[in-house]
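Protein chains in written order, with full-length UniProt numbering: chain A, 1 to 157; chain B, 1 to 78.
Okay, structure coming up:
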């Protein structure tokens, strides 16, 4: 990742819900911030619309997770629920195509967190700036957020 | 592009082709199933990745966004 120093990456909430620390996500890879720093969001009930957290290219798109890479090369991973790859897309509807240019706030996926929970999986959604050092996210939101509201920032050292 | 060397090194860290039952790329991590977890060289895998999570015979290697390509490369080596 080669982000210009002093130019913060601003990541907005990809969906509505309650902000959760990554350390409380029931998955060692996210809770140890192996993939990067960020926050997670626990969605409420009912179908959740998930939007792009930054503007950029939809570099990876699976029903249960996607990555948007900004023009500066910052990759933001949004993972919808934990171990949801095993659902093979059930409960998820994709509204974009891998490789698309997206603006922040543009719909990418809708999914049903209650279906995820009904399979004894966590519906919590980690939002991670890939390769950012653990605990390096700043301006961290707390409490309830709506999709599109500021979630966290990150500035190159 | 994932390079074949990295796939081969990760495969060696997993105990070699004979020890790997299954490998699947999932966005940023390789989810693998091995026959004998004691043959997995976690220290070597950590040097090749962002982290390793071992749970019984399930070994996850966090390789970053090239996971799908590395998984394909490893499958070619099995």
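Built from N, CA and C at the ideal position, the CB exists for glycine as well.
So, for residue 75 (chain B): in the same chain, excluding its five sequence neighbours on each side, which residues have a beta-carbon less than 8 Å away from its beta-carbon?
Residue mapping note: residue 75 (chain B) aligns to position 75 of the second chain, counting from 1. 23.
Measuring CA to CA, which of A:5, A:14 and A:113 is closest to residue 141 (chain A)?
Counting from 1 along the first chain, the entry for residue 141 (chain A) is found at position 141. Nearest option by C-alpha distance: A:14.
Chain A partners of residue 6 (chain B), CB-CB under 9 Å?
Stepping through the second chain from its first residue, residue 6 (chain B) is reached at position 6. What residue 6 (chain B) touches in chain A: nothing, since even the nearest Cβ is about 16 Å away.
Output, in chain order, the set of chain B residues within a Cβ distance shorter than 9 Å of residue 77 (chain A).
Position 77 of the first chain, counting from 1, holds the residue named residue 77 (chain A). Residues of chain B passing the Cβ test: 27, 28 and 65.
With 8 Å set as the bound, which would you pick, yes or no: does the beta-carbon of residue 51 (chain B) sit closer than that to a beta-carbon of chain A?
Taking the second chain and counting its residues from 1, the one referred to as residue 51 (chain B) is at position 51. Yes - at least one Cβ of chain A is within 8 Å of the one on residue 51 (chain B).
Check whether the region 102-119 of chain A and the region 47-66 of chain A are in contact - that is, three or more C-beta pairs closer than 8 Å.
yes
What beta strand (DSSP E) runs, 3 residues minimum, are completely inside the region 27-73 of chain A?
36-42, 48-51, 56-62 and 65-69
Per the DSSP calculation, residue 18 (chain A) is bridged to which residue(s)?
Counting from one through the first chain, the residue named residue 18 (chain A) turns up at place 18. Residue pairing of residue 18 (chain A) in beta bridges, as defined by DSSP: A:42 and A:144.
Which residues in the same chain have their Cβ closer than 6 Å to the Cβ of residue 50 (chain B), if we skip the five residues on either side of it in sequence?
As a position in the second chain, residue 50 (chain B) is number 50, starting the count at 1. Closer than 6 Å at the Cβ level, and outside the excluded window around residue 50 (chain B), lie 62.
For a minimum of 3 consecutive residues, which ranges assigned as the beta strand (DSSP E) are wholly contained in the region 81-119 of chain A?
92-94 and 107-111
Using a Cβ-Cβ distance under 8 Å, would residue 137 (chain A) count as near chain B?
Residue 137 (chain A) sits at position 137 when you count from the first residue of the first chain. No, because no Cβ of chain B sits closer than 8 Å to the Cβ of residue 137 (chain A).
Quick one: residues in its chain with C-beta nearer than 6 Å to the C-beta of residue 1 (chain B), no 5 flanking neighbours on either side, listed in chain order?
Counting from one through the second chain, the residue named residue 1 (chain B) turns up at place 1. Caution applies to residue 1 (chain B), whose pLDDT of 46 falls short of 50 and renders its modelled position unreliable; the value that the coordinates give is listed next. Within the same chain, residue 1 (chain B) has no close Cβ partners at all.
Out of A:126, A:151 and A:148, state which residue places its alpha-carbon closest to the alpha-carbon of residue 24 (chain A).
Within the first chain, residue 24 (chain A) is the residue found at index 24, counting from 1. Nearest option by C-alpha distance: A:126.
Looking only at C-alpha atoms, which of A:95, A:139 and A:45 sits nearest to residue 37 (chain A)?
For the purposes of this step, residue 37 (chain A) is taken as the residue at position 37 of the first chain. Per the Cα distances, A:139.
At a CB-CB cut-off below 7 Å, which residues of chain B make contact with residue 54 (chain A)?
As a working note, residue 54 (chain A) is residue 54 in the first chain. Under the 7 Å cutoff, chain B gives no residues; its nearest Cβ is about 15 Å from residue 54 (chain A).
How is residue 60 (chain B) classed by DSSP in three states: helix, strand or coil?
Position 60 of the second chain, counting from 1, holds the residue named residue 60 (chain B). Strand, per DSSP.
Can you give the beta carbon distance from residue 168 (chain A) to residue 107 (chain A), rounded, assuming they're within the 8 Å contact cut?
For residue 168 (chain A) there is no data in the structure shown, the boundaries of chain A being 1 and 157.
Am I right that residue 147 (chain A) and residue 16 (chain A) are in contact with their C-beta atoms under 8 Å? What's the rounded C-beta distance?
Taking the first residue of the first chain as 1, we reach residue 147 (chain A) at position 147. Taking the first residue of the first chain as 1, we reach residue 16 (chain A) at position 16. With 8 Å as the limit, residue 147 (chain A) and residue 16 (chain A) qualify as a contact, their Cβ atoms being about 5 Å apart.
Tell me whether residue 79 (chain A) is buried or exposed, calling it buried when 16 or more other Cβ atoms sit within 10 Å of its Cβ.
The residue labelled residue 79 (chain A) in the question sits at position 79 within the first chain. With 16 or more Cβ atoms within 10 Å of its Cβ, residue 79 (chain A) is classed as buried.
Alpha carbons only, please: which of B:15, B:28 and B:57 is nearest the one belonging to residue 71 (chain B)?
For the purposes of this step, residue 71 (chain B) is taken as the residue at position 71 of the second chain. Nearest of B:15, B:28 and B:57 to residue 71 (chain B), Cα basis: B:28.
With a threshold of 8 Å between beta carbons, is residue 67 (chain A) in contact with chain B?
Walking along the first chain from the start, residue 67 (chain A) turns up at place 67. Residue contact check for residue 67 (chain A) against chain B: a CB pair falls below 8 Å.
What would DSSP say about residue 66 (chain B), mapped onto helix, strand or coil?
Translated into positions along the second chain, residue 66 (chain B) becomes position 66. Coil at residue 66 (chain B), not helix or strand.
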